[in-house]
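**Q** There's a structure below that I have some questions on.
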Amino acid sequence: MDEPLLAGGALPLEVAVVALPDDKPATRRSQLLRQKNFLAGVVLLCIVIIPVLLGPVVSSVGPDVQNPALSFLPPSLGHLMGTDQYGRSIWARVVYGGRYTIGASLAVVVLGGIAGTALGLVAGYLRGTVGFIIMRAVDLLLAFPGILLALGVTAILGPSLVNAVIAVAIVAVPLYARIVEGAAREVANLPYVRAAKALGSGPGHIIWRHILPGALPGIIVQTTVYLGIAALWIASLGFLGLGVQPPTPEWGQMVSDGQASLSIAWWAVVFPGAFLAAFVVGVSLIGDALRDRLNPTGAGT
Amino acid sequence: MVIYAGKRLAALIVLLIGIAILVFLMLQLIPGSPVTALLGQSATNPAAVAKLTNELGLNRPLPVQFWRWLEDAVRGNFGYSYNNQQPVSALLAQNLPSTVELAGAGLLISLVGGIALGVVGAVRRNTAADSVSMGIAMTLVALPSFWLGLVLILAFAVALPWFPVVGGTSLRGLVLPAFTLGLGVLGITGRFVRSSLLEAMHSPHVAAARAKGLGRRTVFVKHVARNAVLPVLTIVGLQVGSLLSGTVLVEVVFSRPGIGRLLVQSILSKDYATVQATVLIIAGFYAVTNLVVDLLYPLLDPRVGGT
Amino acid sequence: MTAPAAAAAPVLDVRNLHTSFRRGRGVIKIVRGVSFRVGRSASVGLVGESGSGKSLTALSVMGLIEKPGFIAEGQILLNGRDLVGMPAAELSKIQGRELAMVFQEPTAALNPLYHVGKQVAEAIRAHQDVSQADALDQARKLFELVGIADAGHVLRQYPHQLSGGMCQRVTIATALANEPGLLILDEPTTALDTTIQAQILDVVGELRTRLETAIVFVSHDISVVAEMCDELVVMYGGQVMESGRMDLVIGSPKHPYTQGLIGSALSVSGGSGRLESIPGEVPDPQGMPPGCPFAPRCSHAMPQCATAPPLAALPDGRTVACWLY
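Quick mapping for you: the protein sequence lines, in order, are chains A, B and C. The opening residue of the first sequence carries number 1 in our numbering; numbering runs sequentially from there. The opening residue of the second sequence carries number 1001 in our numbering; numbering runs sequentially from there. The opening residue of the third sequence carries number 2001 in our numbering; numbering runs sequentially from there.
Below is the structure:
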């Protein structure tokens, strides 16, 4: 190991008072990096979202228009992303499909976020038996790793986009609840909250006016993280055939479609997935940048 | 230590029971009665319906049903899969080894890669190498695993015919699926290793160790790396969860036999007995893994576990 | 420069030490031309407020300055050999053997994962070719030397199981393991309770007398240093303001800063009744004015003070950096 180790640990109090010189360059430079992170994320997101939002404007053809004569065309000027086995324009399907994938992810985050936040606020502020039960339920749900819980729920409800949204939202609930509960507990201990309680404010009022704003930075950061995860899971369910049903375009489902003809038409698989990846990366970059802005004690040194 | 282990074990048992209850309730929540759900296509046969109703004791109160189901499960009897014409336990036995193999290989790749990335990031902190390695880490996490798998197939099985397209049971057939699985998890491990190393590097005892006259390498191994291992251990426990759930997608993409693929197939074919069993097994395994990590902790950190 | 004991070659001779940090594209100078000597078996107190550069001086002597810090200029002669620019491998042979350090936070200076016996043994085996068993045996004897009762039992304890005072005894034992000629103590008692402070100071004092090790005692508390040491070096703003025999400096401080320091210390320990303090604040190393660093707070400031006064020698063997002399 030739790289020098910082004797930083022994840097005495006085230097710390002067602002640890070894820290300053890192934070200053990393503030710039954070800017770069943020910008890169925004750029990626724009690349993905703008075509999706513009829909018909950017795609002259509809996503369902079949034309067997044009099947399996590689990407060209006429068909930016080529065509699939039915001659449908991949570009059109990616653009329209984005609505389903991204829209579903947003729905997941909103539903799961609201439910999870509510539970977390109650558990974190009121504590007691109610809090205990809620957090144990959260623990139980989190005992199912990754996509397993969502799979179980789709098994019960049956495959469809709506059910996929519900399934993934159910997974998001305990994730939010845990974060919010921790934040709520911390905020509840702050002097001004205790003062408000002593003054006789009701719990609902305190939660709404004090606890929630305190937990908000954490909620925002987590939302950007979960937005990406939700997109991945919705698409995964789509890929497995448990989400959107064909012929509705959805990025995951499109990849599944394209797999059969992978060796002759790589574009049918690569482009939808690339857009999904770009979306998730973009959201993650923004989430990282936000985390550093809102949470200086984050572990991102 | 014994008390600590005892507490953790008790917590695990409670958790396993909770998981079992949820999984049991799954069947109850399916529209229609559990009998029709389990029988699937044979549900029109009244004799079969009557037989199963009796077996399941559906006329008994719910907790009793649960207990009987749990008893059976513990003994390895998960019911019968009418779709596959086999007892579910046989299905599990057939598919488990392949998944364990895949998850193990994936874990190995994610550990090696993650540690490499993390060390580079920590040791060359705030340089280009750091940004690049952390950038790689983050991107890998964001890639959809099913897409990554297909891209890898395109690159290394179609364009360059190094590996089989369909993941067979050979060692070569394991490579691409294992990489797909491992790369997805590697990113988080990498970031964690980096921050854990940085924290260890800046601990005061490191300077004190240098002051004793110990060489850089010794200090790094005995006082930095050793201390950085602990938090990474916890993360590895969590990664096992991601790996387990990741096998679902990877096995489907590569048409590789395994529990994950079995789960998906059973959901699509409404084979609920198998669905229950696989969910139970996977969640149970994850819970046990975390217990093992918890029990390893006191062995590595004298501050934990009441030494 | 300090005391007749330096007739023999000094253990430590620091000459014009400059230690700085790289930051962004610029450089922050913390230690700006510090010079002092420590004779064999001498005890020198290095005193200054937070921000004076005293700890960094100590770390520089110890060879613990690494990126982004660096020694810009100067020499650190330990028994005649210059430590500045010495290759790391050579430096490692000296660290822990010819000079050793005791840090401020005792529990933090110990690795929480190993029991303390192992950590002392590690220091021993770094410089002596002995077996682990022998090293542990030596460690036990060292523990007894620093006054740890039931040494055999404590050997197998982990840092978190020991009190702060006990941990500090362990680090002192570690530092003395190879009988260094020079021991640097960086605020060794600041993090401890007052009663424990007194105990640790007793231990250090006793060991000093027994082993005749030279010590450099770094502290912001001039009263502690006055007790422990025979010579005093006063630092401010990264430079030496005054130095000399303890009784001379304390008895008749020459530099206005020293006078201020002593004044505030005396008033706290029950002197004149009025709480004296030095007006103003410690300077930021980045915004340091040229000239005497104390000038902005000095009641005797003159236009001359815009140029840094040299460290001048006084007839009684002391040095002062002030235009008043």
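Heads up, the beta-carbon is just placed ideally off N, CA and C, and yes, glycines get one too.
#1: Roughly how many whole angstroms lie between the Cα atoms of residue 1134/B and residue 1273/B?
#2: What three-state label does DSSP hand residue 210/A in the structure shown?
#3: What residues in its chain sit with their C-beta under 6 Å from that of residue 1137/B, if we drop five residues either side in the sequence?
#4: Is it the case that the CB of residue 2219/C approaches a heavy atom of the ligand MG more closely than 7 Å?
#5: Nearest-angstrom Cα distance between residue 1266/B and residue 1157/B?
#6: Find the nearest neighbour of residue 41/A within the set 155/A, 228/A, 212/A, judged by alpha-carbon distance.
#7: Which ranges would you report for the beta strand (DSSP E) in the stretch 2159-2194 of chain C if only whole runs of at least 3 residues count?
#8: Beta carbons nearer than 9 Å to chain C: which residues of the stretch 1110-1130 of chain B have them?
#9: Give the straight-line distance between the Cα atoms of residue 1287/B and residue 1297/B, rounded to the nearest whole angstrom.
#10: Given a threshold of 16 other Cβ atoms within 10 Å of its Cβ, counted over all protein chains shown, does residue 2346/C qualify as buried or as exposed?
#11: At 3 residues or longer, and completely inside the stretch 2188-2236 of chain C: list those beta strand (DSSP E) runs for me, N to C.
#12: Using a Cβ-Cβ distance cut-off of 8 Å, determine whether residue 1214/B contacts chain C.
#13: Which one of 1179/B, 1125/B, 1089/B, 1099/B has the shortest CA to CA distance from residue 1109/B?
#14: Would you mind reading off the limits of the beta strand (DSSP E) that contains residue 2071/C?
#15: For residue 2054/C, which residues from the same chain have a beta carbon less than 6 Å from its beta carbon, with the 5 sequence-adjacent residues on both sides left out?
#16: For chain B, find out if any of its Cβ atoms is closer than 8 Å to the Cβ of residue 2294/C; answer yes or no.
#17: Judging by CA-CA distance, which residue of 2133/C, 2106/C, 2107/C, 2182/C is the nearest neighbour of residue 2118/C?
#18: Here's a check: name, in chain order, each residue in its chain whose Cβ is nearer than 8 Å to the Cβ of residue 24/A, leaving out the five neighbours to either side.
#19: Which residues, in chain order, does the stretch 266-277 of chain A contribute to contact with chain B at a C-beta distance below 9 Å?
#20: I need the straight-line Cα distance from residue 50/A to residue 83/A, nearest angstrom please.
#21: Taking only runs of the alpha helix (DSSP H) that begin and end inside the stretch 1138-1181 of chain B, which ones reach a length of at least 4 residues, in chain order?
#22: Tell me the rounded alpha-carbon separation between residue 2187/C and residue 2243/C.
#23: I need the boundaries of the alpha helix (DSSP H) containing residue 2086/C, first residue and last residue.
#24: Are the beta-carbon atoms belonging to residue 2078/C and residue 2098/C less than 8 Å from one another?
#25: Considering only residues of the same chain and omitting the five flanking positions on each side of residue 2262/C, which have a CB-CB separation below 7 Å?
#26: Say whether chain B places a C-beta atom closer than 8 Å to the C-beta of residue 230/A.
#27: Do the CB positions of residue 2010/C and residue 2031/C come within less than 8 Å of each other?
#28: Rounded to whole angstroms, what's the CA-CA distance from residue 32/A to residue 1292/B? Just pull it up for me.
#29: With contact counted as at least three CB pairs below 8 Å, one residue from each stretch, are the stretch 288-295 of chain A and the stretch 1014-1032 of chain B in contact?
#30: Quick one: using the 10 Å Cβ neighbour count with 16 as the cut-off for buried, is residue 105/A buried or exposed?
#31: Under the rule that 16 or more other beta-carbon atoms within 10 Å means buried, what is residue 1177/B, buried or exposed?
#32: Within 10 angstroms of its Cβ, does residue 2298/C collect 16 or more other Cβ (buried), or is it exposed?
#33: Where does the unbroken alpha helix (DSSP H) through residue 1284/B begin, and where does it stop?
#34: From residue 29/A to residue 248/A, what does the alpha carbon distance come to, in whole angstroms?
#35: Distance check for residue 101/A and residue 1035/B, CA to CA, integer angstroms please.
#36: Using only alpha-carbon positions, find the residue among 177/A, 253/A, 148/A, 220/A that is nearest to residue 94/A.
**A** So, from the listed chains and residues:
#1: 43 Å
#2: Collapsing the DSSP output to three states places residue 210/A in a helix.
#3: The residues are 1117, 1187, 1190, 1191.
#4: Among the components modelled here there is no ligand, and therefore nothing to report on the ligand MG.
#5: 29 Å
#6: 228/A
#7: 2182-2186
#8: none
#9: 16 Å
#10: What the structure shows of chain C is the stretch from 2001 to 2325, and residue 2346/C is not part of that stretch, so it cannot be assessed.
#11: Every beta strand (DSSP E) stretch that sits fully inside the stretch 2188-2236 of chain C and reaches 3 residues is listed by chain position as 2214-2219, 2231-2236.
#12: yes
#13: 1179/B
#14: Taken as a continuous stretch (DSSP letters only), the beta strand (DSSP E) holding residue 2071/C covers 2069-2078.
#15: Take residue 2054/C, set aside five residues on each side of it, and the residues of its chain with a beta-carbon closer than 6 Å to its own are 2046, 2048, 2218, 2235, in chain order.
#16: no
#17: 2133/C
#18: At residue 24/A the pLDDT is 38, less than 50, meaning the model places this residue with poor confidence and gives no usable figure here.
#19: Going along the stretch 266-277 of chain A in chain order, one finds 266, 269, 270, 272, 273, 274, 276, 277 with a Cβ nearer than 9 Å to chain B.
#20: 21 Å
#21: 1145-1153
#22: 19 Å
#23: First-last for residue 2086/C: undefined, no H or E at that position.
#24: yes
#25: 2222, 2250, 2253
#26: With respect to chain B, the C-beta atom of residue 230/A has no partner C-beta closer than 8 Å.
#27: no
#28: Any answer about residue 32/A is weak, because its pLDDT of 49 lies below 50 and its placement is not dependable; what the coordinates show is given next. C-alpha separation (whole angstroms): 42 Å.
#29: no
#30: buried
#31: So residue 1177/B counts as buried.
#32: buried
#33: 1272-1300
#34: Unreliable positioning characterises residue 29/A in this predicted model, as indicated by a pLDDT of 47, which lies under 50. A coordinate reading is not provided.
#35: 35 Å
#36: 253/A
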